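Structure record follows, encoded as C-alpha cells.
Chains as they are written, first to last, in the numbering used here: chain A, 22 to 343; chain B, 22 to 343.
Dropping the structure here:
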C-alpha cells in the first residue's frame, strides 16, 4: 500500500465539502473562504502517553483525539468547522488505518465537520496523532481564559473525576460495566452548552477541563491574580463514581479535584447575569450546569467544607515533572 | 520544570502579535480576525523518520520543520501568516527545548510570521514535531495542483537533487564542506518567487518538490490524466552536485529525478504567458527559474535525451512501502 493510495482512500471517504472550501485534501494546503473571528487549536494524541491501544480500539482512539481538540474550540464559545489530521504509524500497523478513518468519518458527520487535509507518515514504534481544528465565533463573543471578575460565580457543565477514575479501572483491569470507563474513552463534548453560554453572553471566562478542575481553574485565575472559593458539597459527583469508590485506590475527591480529561466546561458567570442563568438551568432547564464556587480577591484556591476553609494545592497532570 | 513554566517561556519569547490576533498562546484556541482566502497546511517532522539529531542541531531542526510547512503555503501562491506548533520530547531532553525555540523565533522573525499556540507533551523516546501554518491569498489567485493544460511549459525555481545528495553525504559521514549538506539541512524557501508567480498569474498549477521531481510532477498530472515531457539536458544541476558525484553511490540523475526535499517550486506556465515569463527570467532577471519540459496529452512522464524518448518510472519517497 502506498501513501498515495492511502490518500486516495481518504479523499474518497472525506471528499464531500461545503462550497466555502475551494481546495482541500491532497493539495499543498487547503484554501477556505471565511468571515467571522477564526479559531485555531492543535493537540497531540500519542500512544503510550495519551492513550493505550489495549484500552481503546482504533475508532475510539480517532474520536477521542478529535474530542480533545474540538472541545478547545467549544471552550472559546466557537463552532468547530474544519479539521486537519496528522497520523504517523508503524508500516506494519497499516490495518489500524481503516478502522481509525471510519471513526474519524463518523465523528465528523455527527458534528458537521469537514476534513481539509493533513499528513501521513510512518513511525518507528508508537502511533502519533495530531489534530488541528479550525472554528469560528462572532467577533465580540469569543470567550477566553481571562476575564473573570471578583464576585463572578463558577460553574461546570457536568460530573467531575469520572474520566480519571475510569482510567484507573482500566489500568487495574477492573472491567465492571461502568460509565466511568466510558467517560474516559468517550468524554462528553459540550458544543451545544458552549453555544448557549456564548449566545446569551453569560460567561466572563471559560476553559475545558483537561488537566483537572483545580489546575484548569488556576489557569482562569492566574493571569489576573485572582482567587477562588470552591464549595466541597456543591461539586458534582456521579453516582457511578460514588458507588465504585471502594474499587479505587484514592479518596474520590482526588479524582474530582485533580483528575484530568473530563472535558466539561468550567466557566465564570458575571454578577448581572447570575439570576438569569440560575433560572435557565434550574427552572427552564435549557442546559445542565452546576454552581461550585465564586471568584474572590485573595489569590489561591480555597476549599470550603462546612465552616472549615483550607487552601488547596494547585497540581494536575504535568508532562515534564520528574 | 513544569509545562506551565515552559508555556510561560514561550509566551515571553513569542508574545508580540499583530492587532488582528485577538487571543493567542496559552488559551484553548487562538482567535484571529481575517479576510481573503485562508490557507491551512500541517506536517509532521519526526525524529529518525524525517530527521536525525546527529545531523542537525535543535535550531536547524526547528527551522527545517517550519520550512516544510511554510513551503506548502508558498506552493499555493499564499503568504504565510501564522504558525501552530506541537512538540513532544522525552522528559530528560528538556535541554533541547531552549535552542529549538530560539530557532523558531529567528525563523518567524525573518519571515514575518507569528506563533499563535500549540501543544507540548512528553514522549517516550523520539522527538515529535508537528507544524501547522495558516496563510492567505487573494480569492482568485490561489494556485492548486490541478490546472495544468496541454502545451503548458514546466519550470522549477532551482537546482534539483542537492538535498538528497547532501543527505547521502551526511549518512556516509563524508564531511566535505559542501553546499549539498546545507541544502539538506536548510533548504531554500521560495516565498518571493511564489508571490511573483501568483501576482502576475503565470502558473496554471504549482507544487513544492518534497517527494522528488518525478513524483511531485506526477501529482500535478495524475488527476487531470495528463502527461509530461522532460528534457534531460535542461534539468538544473548544481556544480556542487556534479563535482561531488564521485563521492555518491548513485548516478546523479537518480538524485535529480527522484531525490526529495529540495523544496523548489515546480509549476506550469500557460501558453499565453510563456513569452512574458521567459522575458522576466532571462532578460529582466526578476526571479530565477529553469524551463525543464512541457505538458502533453499522452499520460505518463517521458524523459527526452537527444533524440531518444523513454518513459520514466514514477517513484519517490513512500512512508508505507515495504
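All residues carry an ideal CB built from backbone N, CA and C; glycine is no exception. Because the structure is a prediction, the values reported are computed rather than measured.
Quiz item: Would residue 303(A) be called buried (16 or more neighbouring beta carbons within 10 Å of its own) or exposed?
Solution: exposed
Exercise. Using beta-carbon positions only, say whether residue 249(B) and residue 175(B) come within less than 8 Å of one another.
Key: yes
Practice problem: Can you say whether residue 23(B) is buried or exposed, counting buried as having 16 or more other CB atoms within 10 angstroms of its CB? | Solution: exposed
Quiz item: From this set, 114(A), 324(A) and 28(A), which residue's C-alpha is nearest residue 334(A)'s C-alpha?
Solution: Among 114(A), 324(A) and 28(A), the Cα nearest to that of residue 334(A) belongs to 324(A).
Exercise. Give the DSSP bridge partners of residue 331(A), in chain order.
Key: 324(A)
Quiz item: Should residue 297(B) go down as buried or exposed, given a rule of 16 or more other Cβ atoms within 10 Å for buried?
Solution: Residue 297(B) should be labelled exposed.
Quiz item: Just reading off the beta strand (DSSP E) that residue 224(A) is part of, what are its end residues?
Solution: 224–229
Practice problem: Measure how close the beta-carbons of residue 357(A) and residue 179(A) come, nearest whole angstrom, since I'm counting them as under 8 Å. | Solution: One cannot answer for residue 357(A) here, as it falls past the ends of chain A, which runs 22 to 343.
Quiz prompt | Where residue 145(B) falls, given that 16 or more other Cβ within 10 Å makes a residue buried | solution = Taking every protein chain shown into account, the CB of residue 145(B) has fewer than 16 other CB atoms within 10 angstroms, so this residue is exposed.
Quiz prompt | Residues of its chain near residue 28(B), where Cβ-Cβ distance is below 8 Å and the 5 sequence neighbours each way are ignored | solution = 46, 47 and 141
Exercise. Please report how far the alpha carbon of residue 59(B) lies from the alpha carbon of residue 93(A), in whole angstroms.
Key: Cα to Cα, the separation comes out at about 21 Å.
Quiz item: Listing by chain order, which chain A residues have their CB less than 8 Å from the CB of residue 65(B)?
Solution: 107, 109, 140, 142, 149 and 151
Exercise. Output yes or no for whether 8 Å exceeds the beta carbon distance between residue 277(B) and residue 241(B).
Key: no
Quiz prompt | Cβ neighbour criterion (16 or more within 10 Å) applied to residue 131(A) | solution = Residue 131(A) is exposed by the Cβ-count criterion.
Exercise. Enumerate in chain order the residues of its own chain whose CB-to-CB distance from residue 266(A) is below 7 Å, with the five nearest sequence positions on each side excluded.
Key: Spatial neighbours of residue 266(A) in its own chain (CB-CB distance under 7 Å, excluding positions within 5 residues in sequence) are listed in chain order as 273.
Quiz item: So what does residue 243(A) bridge to, in DSSP terms?
Solution: Residue 243(A) is not bridged to any residue.
Quiz item: Can you name the residues that DSSP bridges to residue 53(B)?
Solution: Paired residues: 59(A) and 42(B).
Exercise. Note down the Cα distance separating residue 195(A) from residue 80(A), rounded to an integer number of angstroms.
Key: 22 Å
Exercise. Please go through the same chain and pick out, in chain order, the residues whose beta-carbon is closer than 8 Å to the beta-carbon of residue 114(B), but skip the five residues on each side of it.
Key: 148
Quiz prompt | Where the beta strand (DSSP E) containing residue 109(B) begins and where it ends | solution = DSSP places residue 109(B) inside the beta strand (DSSP E), whose first and last residues are 100–110.
Quiz item: Contact between the segment 53–72 of chain B and the segment 149–164 of chain B: three or more CB pairs below 8 Å?
Solution: yes
Quiz item: Secondary structure at residue 252(A), three-state DSSP: helix, strand or coil?
Solution: strand
Self-check item: Neighbour flag for residue 61(B) against chain A, beta carbons, 8 Å
Solution: yes
Self-check item: Near-chain A residues of the segment 165–177 of chain B - C-beta to any C-beta below 7 Å
Solution: 165 and 166
Self-check item: Residue environment, residue 69(A), which counts as buried when at least 16 other CB atoms sit within 10 Å
Solution: exposed
Quiz item: Among residues of its own chain, excluding the 5 on either side of residue 213(A), which ones have a beta-carbon nearer than 8 Å to its beta-carbon?
Solution: The answer, listed in chain order, is 308.
Self-check item: residue 184(A) classed as buried or exposed, judged by whether at least 16 other C-beta atoms fall within 10 angstroms
Solution: Residue 184(A) should be labelled buried.
Quiz item: Distance, Cα to Cα, residue 226(A) vs residue 164(A)?
Solution: Cα to Cα, the separation comes out at about 6 Å.
Self-check item: DSSP state of residue 218(A) mapped onto helix, strand, coil
Solution: helix
Quiz item: Looking at residue 154(B) and residue 101(B), is the spacing between their C-beta atoms short of 8 Å?
Solution: Their beta carbons are under 8 Å apart, which means residue 101(B) touches residue 154(B) by this criterion.
Self-check item: Amino acids of chain A, ordered along the chain, whose beta-carbon sits closer than 8 Å to that of residue 24(B)
Solution: 339, 340 and 341
Exercise. Find out if the Cβ-Cβ distance for the pair residue 117(B), residue 110(B) is shorter than 8 Å.
Key: The beta carbons of residue 117(B) and residue 110(B) sit closer together than 8 Å.
Quiz item: By a C-beta neighbour count over all protein chains shown, 10 Å radius and 16 as the cutoff for buried, is residue 192(B) buried or exposed?
Solution: exposed
Practice problem: Would you mind sorting residue 125(A) into buried or exposed? The rule is 16 or more other CB atoms within 10 Å of its CB. | Solution: In the assembly as shown, residue 125(A) is a buried residue. Its beta-carbon has 16 or more other beta-carbons within 10 Å.
Quiz item: Taking a cut of 8 Å between CB atoms, which residues from the segment 31–45 of chain B lie near chain A?
Solution: 43 and 44
Practice problem: Select from 313(A), 91(A) and 34(A) the residue whose C-alpha is nearest the C-alpha of residue 258(A). | Solution: Nearest neighbour of residue 258(A) by Cα position, chosen from 313(A), 91(A) and 34(A), turns out to be 313(A).
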